[in-house]
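There are 2 protein chains.
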Amino acid sequence: MAAAVVPNKKVVLKNHITGFPKETDMEIVTSDTIRLKVPEGSTALIVKNLFLSCDPYMRSRMSKNDDPSYVPDFIPGSVITGFGVSKVVDSGHPDYSAGDLVWGLTGWEEYSLLTNPEVLFKIKYTDVPLSYYTGLLGMAGLTAYAGFYEVCAPKKGEYVFVSAASGAVGQLVGQFAKLMGCYVVGSAGSDEKVNLLKNKFGFDEAFNYKKESDLNAALKRCFPEGIDIYFENVGGAMLDAVLRNMRIHGRIAACGMISQYNLEKGEGVHNLTYTIKKRIRFEGFLVFDYFHKYNEFVEKIIPDIREGKIAYVEDIAEGLENAPAALIGLFKGLNVGKQLVVVAHE
Amino acid sequence: MAAAVVPNKKVVLKNHITGFPKETDMEIVTSDTIRLKVPEGSTALIVKNLFLSCDPYMRSRMSKNDDPSYVPDFIPGSVITGFGVSKVVDSGHPDYSAGDLVWGLTGWEEYSLLTNPEVLFKIKYTDVPLSYYTGLLGMAGLTAYAGFYEVCAPKKGEYVFVSAASGAVGQLVGQFAKLMGCYVVGSAGSDEKVNLLKNKFGFDEAFNYKKESDLNAALKRCFPEGIDIYFENVGGAMLDAVLRNMRIHGRIAACGMISQYNLEKGEGVHNLTYTIKKRIRFEGFLVFDYFHKYNEFVEKIIPDIREGKIAYVEDIAEGLENAPAALIGLFKGLNVGKQLVVVAHE
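Top to bottom, those sequences are chains A and B.
Residue numbering for the first sequence follows my numbering, starting at 90 and increasing by one per position.
Residue numbering for the second sequence follows my numbering, starting at 90 and increasing by one per position.
Structural data, given as structure tokens:
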């Protein structure tokens, strides 16, 4: 039987960019087609993409980077890639069969030919929403898990601060910290998000950084005793204020610095001398170094999700056409919760 | 027998300062006297001060600090305190007798009444110059030892960069790294110091940062493969350049940031996003947390000193009158090697 050849809509980066990204830096290409069968003798997969994840780290890939990075830059004229949830349509790989659900790196398109299936994760539990594998049960979840438990080395009763706290990673870090018996404060960029932090995710305190004229004063108000752990998602002025408020032997896990990604030159951080007198450990990390912990993480968190001990908020854009706006919205802070795009409902 | 009462010359801070310190911020007071006997029933010591150590951390103590620090601010009108080598003249403490040699916190004066002898270290080996206990065998040595072996977690063959490399701590860190089989580069602020690094301390390479118009280019020249370990003594622009040149999973031990101490506001560090993509651990530390390692350190290094495996350069000022200039010279980079002051030759 001849394999079907179908249209394959995709999102393409037009050119490498500098500064703040715009929707028009990307375009929707509808003229391509794909054959829904892997080439003879190949170990590739053909997948149908269901959900795509919008993540801050993608900003770096939209630029031309001189320094080699952990992920390659996007190629102008080619499809954007990122994490997503997909269903196997055809498999040349012994570990996968048609119908399998997977998450991992895929294309921002309806169907993808994935030539390196070894880096995908098979989805084991389907009694939770499949979209969760773009975040809570995917990269964001593992990021929060590894960043908090491994990098922050938390102890019960410690004072924890999370920036961008209602985002995909932040909301989980805060909840992990609460489950451990820490005091947790989050910052976010709207009153709606602050409300979520306090009333949905169980943070002890939260503030809207856009309404605080003095971040140092805001932190002193929330942490009269100082901060033991800072889960860093934003960088810049917030980091400077946090450094002034850290306790002795505090730890900062640097997960992201979204406030800096669209600047030509990073904002200056002026208070690093505090790392010495307070003996602070500041450690950058990438989830890519922790993929071997994924199964451990899933087995640990699935019961918490089923029992309702972990709340999770998604911001869902419908349709590949809306993917560029969803990604740009992330950098503007328009999303409330984990931003994802639905390409197809199975 | 009535105890002698003798004149006691001392160095006093006149007022708390901001900006760059000057010799005239201190004064020599000659009008005081001291009774060379501890008060009845006290566990204090009277010591005769032999050598005083000039250390960068003392700059912070010359200012009025809002944030509580690990060492108290100097008190205007009172004697300056710091690390030194002293001889016990009279003891009320069971662990000490007249004639014992000690190092630890003392006053910048001829004789001191030390009310807390528990924090002093008794000097065990006297076949090496006693002045070494202000540096190599004192705080600077332990700083280099703990900072390099504990905080940097070095491995044979790694690429190590040390700033302020001819200073008391830097010269030792570089030699420890060479003994471990690392490739070591140092920066310093004069050609004389660069010459010392290469020809006395055995650094593989060294450069005069004042002659480099582009620190990033200088580091790329010395480290074409990048830097695994940075022993940070200066902060500011050098740190920014280093961040761009770190290798994946690199470590930065922040020991000091002498370029920042005399600024009203710290210079901005712009390249912290590299800590994430390169997974860099940046850790501030203080020697005060490692005093329990002192005996281990001394036993390890004494044979190396005796066998000539460790070179050591001191910059010696003669007489308490010259102590203020020696301290100010440290912030100007005038010292070549460990800066100390001789108060008395036993």
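Beta carbons: idealized from backbone N, C-alpha and C, even for Gly.
Computed from a predicted model, the values in this text were never measured in an experiment.
Contact set between residue i and chain A, taken where Cβ atoms lie within less than 8 Å
{"i": "A233 of chain B", "result": "Per Cβ cutoff of 8 Å: no residues; A233 of chain B is ~15 Å from chain A at best."}
{"i": "A343 of chain B", "result": "L361, T364 and I365"}
Under 8 Å from the C-beta of residue i: neighbouring residues of chain B
{"i": "Y248 of chain A", "result": "What Y248 of chain A touches in chain B: nothing, since even the nearest Cβ is about 17 Å away."}
{"i": "M436 of chain A", "result": "The structure shown does not extend to residue 436 of chain A, since chain A spans only 90 to 435, so no value can be given for it."}
{"i": "G357 of chain A", "result": "E356, G357, V358 and H359"}
Near the ligand PLP: residue i beta-carbon under 7 Å from a heavy atom
{"i": "L194 of chain A", "result": "For the structure depicted, the ligand PLP is absent and the ligand set is empty, with no information on it obtainable."}
Beta-bridge partners of residue i, as assigned by DSSP
{"i": "P145 of chain B", "result": "Beta-bridge pairing links P145 of chain B to no other residue."}
{"i": "L190 of chain A", "result": "A:K176"}
{"i": "N138 of chain B", "result": "B:S175"}
{"i": "D404 of chain B", "result": "B:Q428"}
{"i": "F371 of chain A", "result": "A:I341 and B:F371"}
{"i": "Y272 of chain B", "result": "B:Y248"}
{"i": "T195 of chain B", "result": "B:G171"}
{"i": "T232 of chain A", "result": "Its beta-bridge partners do not exist; DSSP assigns none."}
Check whether residue i and residue j have beta carbons under 8 Å apart
{"i": "D162 of chain B", "j": "R148 of chain B", "result": "no"}
{"i": "I164 of chain A", "j": "W197 of chain A", "result": "no"}
{"i": "V100 of chain B", "j": "T122 of chain B", "result": "no"}
{"i": "A307 of chain B", "j": "F296 of chain B", "result": "yes"}
{"i": "V274 of chain B", "j": "E294 of chain B", "result": "yes"}
{"i": "G270 of chain A", "j": "K287 of chain A", "result": "no"}
{"i": "V217 of chain B", "j": "I394 of chain B", "result": "yes"}
{"i": "I212 of chain B", "j": "L231 of chain B", "result": "no"}
{"i": "G373 of chain A", "j": "Q349 of chain A", "result": "no"}
{"i": "A415 of chain A", "j": "V432 of chain A", "result": "no"}
{"i": "G355 of chain B", "j": "T362 of chain A", "result": "yes"}
{"i": "Y443 of chain B", "j": "D317 of chain B", "result": "Beyond the ends of chain B as shown, which are 90 and 435, falls residue 443 of chain B; an answer cannot be given."}
{"i": "D404 of chain B", "j": "H359 of chain B", "result": "no"}
{"i": "V323 of chain A", "j": "I341 of chain A", "result": "no"}
{"i": "T364 of chain A", "j": "A343 of chain B", "result": "yes"}
{"i": "G224 of chain A", "j": "G422 of chain A", "result": "no"}
{"i": "M327 of chain B", "j": "S276 of chain B", "result": "yes"}
{"i": "Q264 of chain A", "j": "I399 of chain A", "result": "yes"}
Residue i versus residue j - alpha carbon distance
{"i": "K111 of chain B", "j": "L194 of chain B", "result": "23 Å"}
{"i": "E388 of chain A", "j": "K367 of chain B", "result": "29 Å"}
{"i": "Y221 of chain A", "j": "C241 of chain B", "result": "39 Å"}
{"i": "Y401 of chain B", "j": "G426 of chain B", "result": "8 Å"}
{"i": "A436 of chain B", "j": "L285 of chain A", "result": "The first residue shown for chain B is 90 and the last is 435, placing residue 436 of chain B beyond what the model contains."}
{"i": "T119 of chain A", "j": "L409 of chain A", "result": "11 Å"}
{"i": "I337 of chain A", "j": "L352 of chain A", "result": "32 Å"}
{"i": "A133 of chain B", "j": "F140 of chain B", "result": "20 Å"}
{"i": "N97 of chain A", "j": "K137 of chain A", "result": "10 Å"}
{"i": "D280 of chain A", "j": "K300 of chain A", "result": "9 Å"}
{"i": "K153 of chain A", "j": "D114 of chain A", "result": "14 Å"}
{"i": "E239 of chain B", "j": "D184 of chain B", "result": "30 Å"}
{"i": "V251 of chain A", "j": "G259 of chain A", "result": "6 Å"}
{"i": "A412 of chain A", "j": "A187 of chain A", "result": "26 Å"}
{"i": "E207 of chain A", "j": "V331 of chain A", "result": "40 Å"}
{"i": "F377 of chain B", "j": "L419 of chain A", "result": "44 Å"}
{"i": "E129 of chain B", "j": "V177 of chain B", "result": "17 Å"}
{"i": "K126 of chain A", "j": "W192 of chain A", "result": "20 Å"}
{"i": "T204 of chain B", "j": "Y234 of chain B", "result": "29 Å"}
{"i": "H182 of chain B", "j": "L209 of chain B", "result": "12 Å"}
{"i": "Y298 of chain B", "j": "L226 of chain B", "result": "28 Å"}
{"i": "F109 of chain B", "j": "Y379 of chain A", "result": "46 Å"}
{"i": "P392 of chain A", "j": "L102 of chain A", "result": "39 Å"}
{"i": "N104 of chain B", "j": "S167 of chain B", "result": "10 Å"}
{"i": "L202 of chain B", "j": "A92 of chain B", "result": "14 Å"}
{"i": "A257 of chain B", "j": "E314 of chain A", "result": "35 Å"}
{"i": "D179 of chain B", "j": "Y159 of chain B", "result": "29 Å"}
Contacts that residue i makes with chain A (C-beta to C-beta distance below 7 Å)
{"i": "Q428 of chain B", "result": "Under the 7 Å cutoff, chain A gives no residues; its nearest Cβ is about 20 Å from Q428 of chain B."}
Neighbouring residues, chain B, relative to residue i (Cβ below 7 Å)
{"i": "Q60 of chain A", "result": "Chain A is shown from 90 up to 435; residue 60 of chain A falls before or after that span and cannot be answered."}
Residue-level contact to chain C via CB, residue i, 8 Å cutoff
{"i": "L209 of chain B", "result": "Reference to chain C is not applicable here, since the protein chains of this structure are A and B."}
### Query
According to a CB-to-CB cut-off of less than 8 Å, which residues of the stretch 364–392 of chain B neighbour chain A?
T364, I365, K366, K367, R368, I369, R370, F371, E372, G373, F374, L375 and D378
### Task
Please name the residues in the stretch 104–124 of chain B whose beta-carbon is closer than 7 Å to at least one beta-carbon of chain A, in chain order.
none
### Query
Using a beta-carbon distance cut-off of less than 8 Å, what residues from the stretch 316–330 of chain A approach chain B?
Of all residues in the stretch 316–330 of chain A, only G324 and L328 place a beta-carbon less than 8 Å from a beta-carbon of chain B.
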